[in-house]
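*Asks:* Before we start, here is the structure in question, set down as structure tokens.
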Amino acid sequence: MALVDKIKNKQATCAVIGLGYVGLPLAVEFAKAGFRVVGIDLDERKIKAINAGKSYIGDVQTPEVAALVKAGLLRATTDYAVLAQADTINICVPTPLRKTKDPDISYIVDASEQIAKYLRKEQLIILESTTYPGTTEEVMLPLFSEKGRRVGKDFYLAFSPERVDPSNPLFHTRNIPKVVGGVTPRCTQAAAALYGRVMDTVVPVSSARVAETVKLLENTFRSVNIGLVNEIALMCDKMNINVWEVIDAAATKPFGFMPFYPGPGLGGHCIPIDPLYLSWKARAFGFEARFIELAAHVNGRMPEHVVAKVADALNTHKRSINGAKVFVLGAAYKKDVADARESPALEIIEMFRQKGAKVAYHDPFIPDIRFADGLMRSTAMTAKNLAACDCAVIVTNHSSFDGSLIVKHAPLIVDTRNALKNYTAAAYRKKIISL
Ligand code: SAJ
Numbered sequence: 179m180a181l182v183d184k185i186k187n188k189q190a191t192c193a194v195i196g197l198g199y200v201g202l203p204l205a206v207e208f209a210k211a212g213f214r215v216v217g218i219d220l221d222e223r224k225i226k227a228i229n230a231g232k233s234y235i236g237d238v239q240t241p242e243v244a245a246l247v248k249a250g251l252l253r254a255t256t257d258y259a260v261l262a263q264a265d266t267i268n269i270c271v272p273t274p275l276r277k278t279k280d281p282d283i284s285y286i287v288d289a290s291e292q293i294a295k296y297l298r299k300e301q302l303i304i305l306e307s308t309t310y311p312g313t314t315e316e317v318m319l320p321l322f323s324e325k326g327r328r329v330g331k332d333f334y335l336a337f338s339p340e341r342v343d344p345s346n347p348l349f350h351t352r353n354i355p356k357v358v359g360g361v362t363p364r365c366t367q368a369a370a371a372l373y374g375r376v377m378d379t380v381v382p383v384s385s386a387r388v389a390e391t392v393k394l395l396e397n398t399f400r401s402v403n404i405g406l407v408n409e410i411a412l413m414c415d416k417m418n419i420n421v422w423e424v425i426d427a428a429a430t431k432p433f434g435f436m437p438f439y440p441g442p443g444l445g446g447h448c449i450p451i452d453p454l455y456l457s458w459k460a461r462a463f464g465f466e467a468r469f470i471e472l473a474a475h476v477n478g479r480m481p482e483h484v485v486a487k488v489a490d491a492l493n494t495h496k497r498s499i500n501g502a503k504v505f506v507l508g509a510a511y512k513k514d515v516a517d518a519r520e521s522p523a524l525e526i527i528e529m530f531r532q533k534g535a536k537v538a539y540h541d542p543f544i545p546d547i548r549f550a551d552g553l554m555r556s557t558a559m560t561a562k563n564l565a566a567c568d569c570a571v572i573v574t575n576h577s578s579f580d581g582s583l584i585v586k587h588a589p590l591i592v593d594t595r596n597a598l599k600n601y602t603a604a605a606y607r608k609k610i611i612s613l
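In structure tokens, the structure reads:
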């Protein structure tokens with residue numbers, strides 16, 4: 179295949195559509211491997227930053243971008259016309275949910291329609307955005323097959339799930355095994371050839387559908403297990419058993435167990451969303467994915483449980499939640515990330531406010547949060563501010579949080595992340611309420 183030869187000798191020009199936390203690292207890895215790469219994004223700021231040799235993604239170093247741009251291996255544009263010169267095209271655009279909790283693949287369709295405008299012989303298109311099984315073949319393929327073009331002969335089409343884990347210190351784009359499935363075997367071969375020149379490990383599978391489903395299984399596995407451990411936490415709370423101690427002891431089992439931890443709810447732009455793409459598609463086949471729906475229900479109830487715990491804790495101090503000063507510590511969806519998308523903290527803050535509490539929050543990664551009635555800014559976590567509240571609630575356990583400061587000054591603490599597990603002295607235990 180002429181395209182595979184071009185890839186093998188790195189003469190291919192690679193286009194990456196969508197330059198976010200998946201697309202930019204991918205574009206940089208392709209360029210580092212020696213390919214000429216053109217990134218495409220609608221956001222002018224991203225384009226300007228890249229062409230000025232600057233990174234806006236934590237896991238991508240600016241000097242690296244600068245060197246690749248200087249070497250002529252990396253450039254960015256908002257103009258899709260460059261696709262006419264591309265030999266390979268990777269799509270890394272968002273796949274959110276609509277308000278109705280149905281999949282929103284409009285970004286994939288928009289990108290595909292642009293690709294179809296410039297499609298020419300021997301081009302390879304690879305979708306990386308997480309989506310329901312069948313998207314590549316049922317939605318994208320028809321757009322490219324017009325004018326008698328034949329997939330696997332005139333052009334190649336594949337799916338390869340993104341597995342980027344932002345700020346993961348060990349696993350980066352290049353050393354995470356890359357699953358890839360083509361619409362035809364020759365499509366798989368072409369896509370595997372491309373990744374084989376960039377990634378340490380390539381895992382070819384028999385079809386695009388299999389590759390789409392691999393990603394959804396990975397993240398549904400997490401959502402369902404988090405839902406299970408949250409339900410166990412609710413049970414242990416009723417039975418006055420320390421669920422954290424139970425999990426730590428269970429985790430000593432050297433096989434057949436993987437610890438997950440209860441928390442204030444499920445945040446991020448992957449885990450709360452991806453499983454619902456799978457259950458939505460299953461419903462189209464008349465199949466009710468009950469585990470997925472139940473996990474979403476249990477995880478969705480955790481913010482309410484946290485607010486109830488705080489109300490009970492205040493009650494033991496003869497305070498009602500209405501009028502109480504509540505200090506939420508941590509707003510990001512998980513520790514040490516600067517991302518509050520779908521964070522349970524947002525729902526918890528809203529619930530406190532609806533109940534008449536005076537809420538402040540502190541998060542070193544999230545300087546402000548926009549609510550319907552305006553902007554809320556992060557409040558410094560000082561001894562004074564901790565002492566001034568009626569209850570502090572640890573919602574995200576950032577590594578930078580000073581447990582001794584919190585325990586010393588806050589009069590009452592609800593700890594939803596077991597962040598204060600080392601403060602076991604009787605005096606402390608009286609004022610620290612665990613999830
Ligand atoms: N969470 C719990 N208990 C747990 C684990 C997570 O409550 O035991 C919560 C987190 O606080 C967060 C949400 O679930 O609110 C999601 O956490 P996550 O650890 O799954 O982190 P994400 O959303 O960044 O997931 C990403 C995913 N990566 C990709 O989709 C490429 C996921 O597949 C990774 O396994 C995960 O990172 C990871 O392991 O860090």
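Here the sequence shown stands for residues 179 to 613, numbered as in the numbering used here.
Every residue, glycine too, gets a C-beta built ideally from N, C-alpha and C.
The ligand ADP and LEU444: does the residue's C-beta get closer than 6 Å to at least one heavy atom of that ligand?
*Replies:* The ligand ADP is not part of the structure shown, which contains the ligand SAJ as its ligands.
*Asks:* Which residues share a DSSP beta bridge with SER612?
*Replies:* Answer is ASP593.
*Asks:* From TYR601 to THR560, what does the alpha carbon distance come to, in whole angstroms?
*Replies:* C-alpha separation (whole angstroms): 19 Å.
*Asks:* Within this structure, are the beta carbons of ASN268 and GLU207 separated by less than 7 Å?
*Replies:* No, the Cβ-Cβ distance between ASN268 and GLU207 is not below 7 Å.
*Asks:* Scan the region 264-307 and note each continuous beta strand (DSSP E) run of 3 residues or more that stays entirely inside, going in chain order.
*Replies:* Those beta strand (DSSP E) runs which fall completely within the region 264-307 and span 3+ residues are 266-269 and 301-305.
*Asks:* What is the rounded straight-line gap between the Cα of ILE185 and the Cα of PHE333?
*Replies:* Approximately 14 Å, taken between the alpha carbons.
*Asks:* Kindly indicate which residue of SER521, VAL182, ILE235 and LEU302 has the alpha-carbon position closest to the one of ILE451.
*Replies:* With distances taken between Cα atoms, ILE451 lies closest to SER521.
*Asks:* Does the region 192-206 come close enough to the region 252-269 to have 3 or more Cβ pairs within less than 8 Å?
*Replies:* Counting Cβ pairs under 8 Å, three or more are found: they touch.
*Asks:* If you check the beta carbons only, do HIS576 and ARG519 fall under 7 Å apart?
*Replies:* Not a contact, by the Cβ cut-off of 7 Å.
*Asks:* Run the CB neighbour count on GLN301, radius 10 Å, all protein chains shown included, and call it buried at 16 or more, exposed below.
*Replies:* Flag for GLN301 reads buried.
*Asks:* So LEU507 packs on ILE584, CB below 8 Å; how close in whole Å?
*Replies:* Indeed, because the Cβ distance is near 7 Å, the residues count as touching under 8 Å.
*Asks:* From the DSSP output, which residues share a beta bridge with ASP546?
*Replies:* DSSP lists ARG555 as partners of ASP546.
*Asks:* Residues in the same chain with beta-carbon distance under 6 Å from ALA262, minus the five sequence neighbours each way, listed in chain order, please.
*Replies:* Closer than 6 Å at the Cβ level, and outside the excluded window around ALA262, lie TYR296.
*Asks:* Can you tell me the Cα-Cα spacing of PRO589 and ASP343, whole angstroms?
*Replies:* So the two alpha carbons sit approximately 37 Å from each other.
*Asks:* Under 6 Å: does the beta carbon of PHE438 sit that close to some heavy atom of the ligand SAJ?
*Replies:* Checking the Cβ of PHE438 against the ligand SAJ gives yes.
*Asks:* Which same chain residues, not among the five before or five after ILE591, have their C-beta less than 8 Å away from its C-beta?
*Replies:* Correct list, in chain order: CYS569, ALA570, VAL571, ILE572, ILE584, VAL585, LEU598, LYS609, ILE610 and ILE611.
*Asks:* Should VAL537 and VAL504 be called a contact, given that it needs their Cβ atoms to be closer than 7 Å?
*Replies:* Taking 7 Å as the Cβ cut-off, VAL537 and VAL504 qualify as a contacting pair.
*Asks:* How would you call SER345, buried or exposed, if buried means at least 16 neighbouring beta carbons within 10 angstroms?
*Replies:* So SER345 ends up on the exposed side.
*Asks:* Please report the residue range of the alpha helix (DSSP H) in which THR398 lies.
*Replies:* THR398 -> alpha helix (DSSP H) spans 386-417.
*Asks:* Given a cut-off of 7 Å, decide if GLY360 and VAL388 are closer than it, judged by their beta-carbon atoms.
*Replies:* Their beta carbons are not under 7 Å apart, which means VAL388 does not touch GLY360 by this criterion.
*Asks:* Suppose contacts are defined by Cβ-Cβ distances below 7 Å. Is LYS356 in contact with VAL383 by that definition?
*Replies:* For LYS356 and VAL383, no; Cβs fall outside 7 Å.
*Asks:* State the DSSP-derived secondary structure class of GLY360, mapped to helix, strand or coil.
*Replies:* Looking at GLY360 - three-state DSSP - the assignment turns out to be strand.
*Asks:* So what's CYS448 in DSSP terms, helix, strand or just coil?
*Replies:* Coil, per DSSP.
*Asks:* With distances taken between CB atoms, is the gap from THR362 to GLY330 smaller than 7 Å?
*Replies:* For THR362 and GLY330, yes; Cβs fall inside 7 Å.
*Asks:* Report the CB separation of ALA523 from THR574 in whole angstroms; it is logged as a contact under 8 Å.
*Replies:* About 6 Å separates the two Cβ atoms, so the contact holds.
*Asks:* By a C-beta neighbour count over all protein chains shown, 10 Å radius and 16 as the cutoff for buried, is ASN353 buried or exposed?
*Replies:* Exposed, by the Cβ-count rule.
*Asks:* Expressed to the nearest angstrom, what Euclidean distance is found between the alpha-carbon atoms of TYR439 and ASN596?
*Replies:* For TYR439 and ASN596, the distance between alpha carbons rounds to 9 Å.
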